[in-house]
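> I have a structure I would like to understand better, so I am pasting it below and will then ask my questions one at a time.
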Amino acid sequence: MRLSRLSRTALGIITVVILVIVYVPLFVVLVNSFSTSRTLSWPPPGFTLEWWERAFQSAGAMEAVATSVQIAIVATIISLVLGTLISLALQRFEFFGREAISLLVILPIALPGIITGIALNNFFRTIMGVPLSIWTVVIAHATFCIVTVFNNVIARLRRLGTNFEEASADLGAGLWTTFRLVTFPQLRSALFAGGLLAFALSFDEIIVTTFTAGSGVTTLPIFILNNMFRPNQAPIVSVIAVVLVLVSIVPIYIAQRIAGTEKTLR
Numbered sequence: 001m002r003l004s005r006l007s008r009t010a011l012g013i014i015t016v017v018i019l020v021i022v023y024v025p026l027f028v029v030l031v032n033s034f035s036t037s038r039t040l041s042w043p044p045p046g047f048t049l050e051w052w053e054r055a056f057q058s059a060g061a062m063e064a065v066a067t068s069v070q071i072a073i074v075a076t077i078i079s080l081v082l083g084t085l086i087s088l089a090l091q092r093f094e095f096f097g098r099e100a101i102s103l104l105v106i107l108p109i110a111l112p113g114i115i116t117g118i119a120l121n122n123f124f125r126t127i128m129g130v131p132l133s134i135w136t137v138v139i140a141h142a143t144f145c146i147v148t149v150f151n152n153v154i155a156r157l158r159r160l161g162t163n164f165e166e167a168s169a170d171l172g173a174g175l176w177t178t179f180r181l182v183t184f185p186q187l188r189s190a191l192f193a194g195g196l197l198a199f200a201l202s203f204d205e206i207i208v209t210t211f212t213a214g215s216g217v218t219t220l221p222i223f224i225l226n227n228m229f230r231p232n233q234a235p236i237v238s239v240i241a242v243v244l245v246l247v248s249i250v251p252i253y254i255a256q257r258i259a260g261t262e263k264t265l266r
């Protein structure tokens with residue numbers, strides 16, 4: 001499709017405006033993490049590495065990072081197992097209600113976080129009678145992280161078809177052997193990409209976490225929210241926010257690279 005010069009110019013301007021709106025605030029946060037000011041003022045009066053040193057020496061911040069990593073790892077593992085099994089069931093088998101189940105699996109990622117948080121809070125505390133803890137956060141995160149794995153795996157299964165699996169069965173291989181030697185090797189990159197996205201999604205989630213975390217559970221996003229307006233904490237929060245952005249970007253970038261490589265190979 002060919003666009004006129006006016007259309008290309010208009011699209012270029014719109015693109016630049018959107019990128020400015022999205023990334024200039026992130027740049028301001030980055031600069032403020034090196035500011036000598038104790039508040040989020042602009043422009044910064046000077047630059048220092050003091051806040052970076054304090055952030056990495058903060059026991060509360062390091063504990064919040066460790067908690068977020070632990071939750072994200074466990075939620076990702078659960079998502080990889082359940083997301084893969086659901087994908088195989090929905091793509092490889094015909095049964096009544098298959099489309100309805102597919103919709104229910106995808107729905108948690110589409111629901112507003114506050115709705116999911118309230119629903120899970122009521123489920124854990126009222127119906128199950130379970131006290132909120134780090135495990136309720138893990139379960140809550142897994143409910144929407146499964147979707148990223150599910151989408152990646154089922155898309156791959158649809159492209160692969162069943163020829164290789166049927167050939168394996170014809171040669172006498174059992175279900176587990178076929179999965180281990182035929183299906184899984186073809187799904188590895190999709191699982192890796194889905195797992196990276198699930199980890200990033202869990203690591204910086206705050207709304208659902210707020211409703212499902214107990215009083216003693218502080219993830220990194222909650223730590224940032226609790227300390228953002230405290231005296232002399234704003235620059236440290238900026239440092240942590242920068243680290244959070246970097247941690248979130250890396251898995252997403254790797255997942256995109258994997259997808260781009262696969263498209264090139266095809």
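The sequence shown begins at 1 in full-length UniProt numbering and counts up by one.
Just so you know, even glycine gets a beta-carbon here, dropped at the ideal spot from N, CA and C.
Keep in mind the model is a prediction, meaning the values are calculated, not measured.
1. Three or more C-beta pairs under 8 Å: does that hold for the segment 146-166 against the segment 202-214?
2. If you compare alpha carbons, which of Leu160, Met128, Asn122 and Thr36 is closest to Trp51?
3. Ends of the alpha helix (DSSP H) at Ile127?
4. Would DSSP call Phe192 helix, strand or coil?
5. Which of the three DSSP states, helix, strand or coil, is assigned to Ser238?
6. Need the endpoints of the alpha helix (DSSP H) that Thr162 sits in, please.
7. State yes or no: is the C-beta of Leu90 within less than 8 Å of the C-beta of Ile154?
8. Ser102 by DSSP, collapsed to three states: which one?
9. Is Leu132 closer than 8 Å to Phe124 when the C-beta atoms are compared?
10. Straight-line CA distance for Asn152 to Thr67?
11. Glu94 lies in the alpha helix (DSSP H); which residues open and close that run?
12. Who pairs with Ser33 in a beta bridge, going by DSSP?
13. Find out if the Cβ-Cβ distance for the pair Ile134, Val20 is shorter than 8 Å.
Here's the rundown:
1. no
2. The count along the sequence shown starts at 1 and reaches residue 51 at position 51. The shortest Cα separation from Trp51 among Leu160, Met128, Asn122 and Thr36 belongs to Thr36.
3. Indexing the sequence shown from 1 puts residue 127 at position 127. Segment: none, Ile127 is in no alpha helix (DSSP H) and carries neither H nor E.
4. The residue you call residue 192 lines up with position 192 of the sequence shown. Of the three classes helix, strand and coil, the one that applies to Phe192 here is helix, per DSSP.
5. In the sequence shown, residue 238 corresponds to position 238, counting from 1. Correct three-state label for Ser238: helix.
6. Residue numbering aside, residue 162 sits at position 162 when the sequence shown is read from its first letter. Neither: Thr162 is in no alpha helix (DSSP H) and is coded neither H nor E.
7. Translated into the one-based positions of the sequence shown, residue 90 becomes position 90. Translated into the one-based positions of the sequence shown, residue 154 becomes position 154. Going by C-beta atoms, Leu90 is nearer than 8 Å to Ile154.
8. For this step, residue 102 is matched to residue 102 along the sequence shown. Reduced to three states, the DSSP call for Ser102 is helix.
9. Residue numbering aside, residue 124 sits at position 124 when the sequence shown is read from its first letter. Residue numbering aside, residue 132 sits at position 132 when the sequence shown is read from its first letter. Their beta carbons are under 8 Å apart, which means Phe124 touches Leu132 by this criterion.
10. Stepping through the sequence shown from its first residue, residue 152 is reached at position 152. Stepping through the sequence shown from its first residue, residue 67 is reached at position 67. Approximately 27 Å, taken between the alpha carbons.
11. Counted from its first residue, the sequence shown places residue 94 at position 94. Unbroken run through Glu94: none, as it is neither H nor E.
12. Working through the sequence shown from its first residue, we reach residue 33 at position 33. Answer by DSSP bridge pairing: none, since Ser33 is not bridged.
13. Here residue 134 is taken as the residue at index 134 of the sequence shown, counted from 1. Here residue 20 is taken as the residue at index 20 of the sequence shown, counted from 1. Contact: no.
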